[in-house]
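In terms of this note's numbering, the sequence shown opens at residue 596 and continues consecutively. Shown next, in structure tokens, is the structure this report addresses.
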Amino acid sequence: MSSPLKLSNLSKHYGGTAVVDGLDLELAPGRCHGLLGPNGAGKTTTLRLALGLIGADAGTVELLGHTLPDAANQARARVGVVPQMDNLDPDFTVRENLQIYGRYFGISKREMAARIPSLLDFAGLAGKADAPITTLSGGMKRRLTLARALVNDPDLVILDEPTTGLDPQARHLIWQGLRRLMAQGKTLLLTTHFMEEAERLCDDISVIDHGRVIVQGSPRELIKTHIEPHVVEIYGEGLAEWQACASTWCHRCEQAGETLFCYTDTPEKVVAELETQPGLRYLHRPANLEDVFLKLTGRDLRD
Ligand code: ADP
Numbered sequence: 596m597s598s599p600l601k602l603s604n605l606s607k608h609y610g611g612t613a614v615v616d617g618l619d620l621e622l623a624p625g626r627c628h629g630l631l632g633p634n635g636a637g638k639t640t641t642l643r644l645a646l647g648l649i650g651a652d653a654g655t656v657e658l659l660g661h662t663l664p665d666a667a668n669q670a671r672a673r674v675g676v677v678p679q680m681d682n683l684d685p686d687f688t689v690r691e692n693l694q695i696y697g698r699y700f701g702i703s704k705r706e707m708a709a710r711i712p713s714l715l716d717f718a719g720l721a722g723k724a725d726a727p728i729t730t731l732s733g734g735m736k737r738r739l740t741l742a743r744a745l746v747n748d749p750d751l752v753i754l755d756e757p758t759t760g761l762d763p764q765a766r767h768l769i770w771q772g773l774r775r776l777m778a779q780g781k782t783l784l785l786t787t788h789f790m791e792e793a794e795r796l797c798d799d800i801s802v803i804d805h806g807r808v809i810v811q812g813s814p815r816e817l818i819k820t821h822i823e824p825h826v827v828e829i830y831g832e833g834l835a836e837w838q839a840c841a842s843t844w845c846h847r848c849e850q851a852g853e854t855l856f857c858y859t860d861t862p863e864k865v866v867a868e869l870e871t872q873p874g875l876r877y878l879h880r881p882a883n884l885e886d887v888f889l890k891l892t893g894r895d896l897r898d
């Protein structure tokens with residue numbers, strides 16, 4: 596099966612600055628691909644280019660077998676989009692929002708009436724068909740936006756930060772929904788700032804910064820390739836003194852606020868040493884995707 600989305604050497608400039616800068620990305624069918632990057636890295640612009648909502652300055656976009664921009668409408672007919680901001684129509688009910696969205700795809704009223712019960716069921720909103728949007732919680736609105744993206748039974752679903760602003764319960768419900776979509780063989784492309792979300796959901800990950808892909812691989816591969824396997828987080832009294840000779844016990848250290856992160860292959864040496872330091876507290880854990888992300892993109896705040 597061919598790739599649902601292939602971006603080749605894609606570039607986009609705003610005001611003379613390259614926001615997307617020679618970016619390559621190829622999605623594998625039926626898999627979930629995570630696009631990670633700090634604020635301003637170019638993720639949303641990449642998604643907009645991929646959908647043909649804006650034109651590229653250079654490079655090519657192949658979306659579901661169509662080359663953009665010429666066949667953007669035909670390609671988009673088989674794509675579902677969950678935007679970063681909920682843009683449900685507050686003047687209409689849950690059911691009406693789905694009906695109206697169906698019209699954009701030329702789906703008849705009768706066909707939509709047949710599809711709506713399963714979409715509501717998917718969203719966990721079966722009892723809410725006639726509820727006004729204003730009465731829904733944030734989590735319900737997100738689930739409805741996700742269900743709305745499925746009205747045209749898309750092959751590819753693109754999600755821009757699908758769980759930002761949700762509490763853990765609501766987030767887990769969205770994850771459940773996304774897993775169901777994957778089980779149906781749909782391809783997912785999502786951006787997220789939650790590394791745990793990416794690690795749990797994504798088969799493949801591209802970390803992008805300054806408009807370029809800096810690394811690509813499965814979460815497990817990225818952790819194995821780019822970071823030491825163990826982390827010891829250390830804080831407490833006497834940290835500065837301990838840090839001065841930390842390189843004796845750990846391979847690489849990074850300070851963030853009051854905490855020292857020691858990355859190492861041999862955590863037992865660090866832990867044994869820390870046991871002799873009554874003022875210091877520590878947490879020993881396996882390295883995760885967030886450690887990789889911070890190593891590759893830095894700890895400085897991006898606005
Ligand atoms: P991300 O989604 O990774 O946070 P974006 O793609 O939204 O990044 O933005 C990347 C950069 O491009 C930012 O510096 C942003 O200000 C800039 N940018 C995005 N869209 C526009 C636009 N329409 N006009 C000017 N600058 C833009």
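The beta carbon of each residue, even a glycine, is placed where N, CA and C say it ideally should be. This structure is a prediction, so every number in the text was calculated from the model and none was measured.
Can you give the Cα-Cα distance for G831 and W844, rounded to whole angstroms? Position 236 of the sequence shown, counted from the first residue, corresponds to residue 831. Position 249 of the sequence shown, counted from the first residue, corresponds to residue 844. Distance between the alpha carbons of G831 and W844: 18 Å.
Could you give the C-beta distance for R656 and L648, rounded to a whole number, given that I count them as a contact under 8 Å?
Here residue 656 refers to the residue found at position 61 of the sequence shown. Here residue 648 refers to the residue found at position 53 of the sequence shown. Looking at the sequence provided, one finds Val at residue 656 rather than Arg. Not quite, the Cβ-Cβ distance comes to about 11 Å (not below 8 Å), so this is no contact.
message = Using a 10 Å radius around the Cβ and a threshold of 16 neighbouring Cβ atoms, would you call D799 buried or exposed?
response = Start at 1 with the first residue of the sequence shown, and residue 799 comes out as number 204. Answer is buried; the Cβ neighbour count reaches 16.
Any heavy atom of the ligand ADP inside 6 Å of the beta-carbon of T759? By one-based count along the sequence shown, residue 759 stands at place 164. It does not: the Cβ of T759 is nowhere closer than 6 Å to a heavy atom of the ligand ADP.
message = Assess contact between the segment 665-676 and the segment 749-765, defined as three or more Cβ pairs (one per stretch) separated by less than 8 Å. Is contact present?
response = Short answer: they touch.
Problem set entry | Which of helix, strand or coil DSSP assigns to D762 | Here residue 762 refers to the residue found at position 167 of the sequence shown. Residue state, collapsed to three classes: coil.
Status (buried if at least 16 other CB within 10 Å, exposed otherwise) for L896:
As a first step, residue 896 must be located in the sequence shown, where it is residue number 301. In the assembly as shown, L896 is an exposed residue. Its beta-carbon has fewer than 16 other beta-carbons within 10 Å.
Short Cβ contact (7 Å threshold) for T861 with P624
Residue numbering aside, residue 861 sits at position 266 when the sequence shown is read from its first letter. Residue numbering aside, residue 624 sits at position 29 when the sequence shown is read from its first letter. No Cβ-Cβ contact shorter than 7 Å links T861 with P624.
Closest Cα partner of P889 within the set G833, L741, H846, V802: By one-based count along the sequence shown, residue 889 stands at place 294. Sequence check: residue 889 is Leu here, not Pro. For the residues G833, L741, H846, V802, the minimum Cα distance to L889 belongs to V802.
Requested in this report: May I ask you to check if the CB of G634 is nearer than 6 Å to at least one heavy atom of the ligand ADP?
Outcome: Taking the sequence shown and counting its residues from 1, the one referred to as residue 634 is at position 39. First, the residue type needs correcting, since residue 634 is Asn and not Gly in the sequence shown. Checking every heavy atom of the ligand ADP against the Cβ of N634, one is found closer than 6 Å.
Which listed residue (I753, A744, D886) has its alpha carbon closest to that of H825
Mapped onto the sequence shown, residue 825 falls at position 230. In terms of Cα proximity to H825, the closest of I753, A744, D886 is D886.
Exercise. Is DSSP giving I809 helix, strand or coil here?
Worked result: To locate residue 809, count along the sequence shown from 1; it is residue 214. Correct three-state label for I809: strand.
Requested in this report: For A867, count neighbouring Cβ atoms within 10 angstroms of its own Cβ and tell me buried if that reaches 16, exposed if not.
Outcome: Along the sequence shown, read from residue 1 onward, the residue named residue 867 stands at position 272. By the 10 Å Cβ count, A867 comes out exposed.
Next on the checklist: As an exercise, report each continuous alpha helix (DSSP H) stretch of at least 4 residues that is fully enclosed by the segment 676-721, in chain order.
Outcome noted: 689-699, 704-718
N634 by DSSP, collapsed to three states: which one?
Residue mapping note: residue 634 aligns to position 39 of the sequence shown, counting from 1. Correct three-state label for N634: coil.
Item checked: From K601, Q679, A653, residue whose alpha carbon lies closest to that of L659 -> Along the sequence shown, read from residue 1 onward, the residue named residue 659 stands at position 64. Out of K601, Q679, A653, K601 has the C-alpha closest to the C-alpha of L659.
- Task: May I ask you to check if the CB of Y696 is nearer than 6 Å to at least one heavy atom of the ligand ADP?
- Result: Locating residue 696 in the sequence shown gives position 101, where the first residue counts as 1. Not under cutoff, so the answer is no.
- Message: Just to confirm before moving on: does the CB-CB distance between G760 and V614 stay below 7 Å?
- Response: Translated into positions along the sequence shown, residue 760 becomes position 165. Translated into positions along the sequence shown, residue 614 becomes position 19. Not closer than 7 Å, so no.
Going by DSSP, what residue range makes up the alpha helix (DSSP H) through R894?
The residue labelled residue 894 in the question sits at position 299 within the sequence shown. Element bounds for R894: n/a, residue is neither H nor E.
- Query: How close, in whole Å, do the beta carbons of I809 and A882 come, if the pair is a contact with beta carbons under 8 Å?
  - Reply: Here residue 809 is taken as the residue at index 214 of the sequence shown, counted from 1. Here residue 882 is taken as the residue at index 287 of the sequence shown, counted from 1. About 18 Å; that fails the 8 Å criterion.
Closer than 6 Å: is that where the CB of R637 sits relative to any heavy atom of the ligand ADP? Here residue 637 is taken as the residue at index 42 of the sequence shown, counted from 1. Inspection of the sequence shows that residue 637 is occupied by Gly rather than by Arg. For G637, the shortest separation between its Cβ and any heavy atom of the ligand ADP lies below 6 Å.
(Q) Let me confirm a value: T787 is counted as buried when at least 16 other C-beta atoms fall within 10 Å, else exposed. Which label applies? (A) If you number the sequence shown from 1, residue 787 lands on position 192. With 16 or more other CB atoms across the displayed protein chains lying within 10 angstroms of its CB, T787 is buried.
Check your understanding: Three-state secondary structure (DSSP) at I829?
Key -> Translated into the one-based positions of the sequence shown, residue 829 becomes position 234. Looking at I829 - three-state DSSP - the assignment turns out to be strand.
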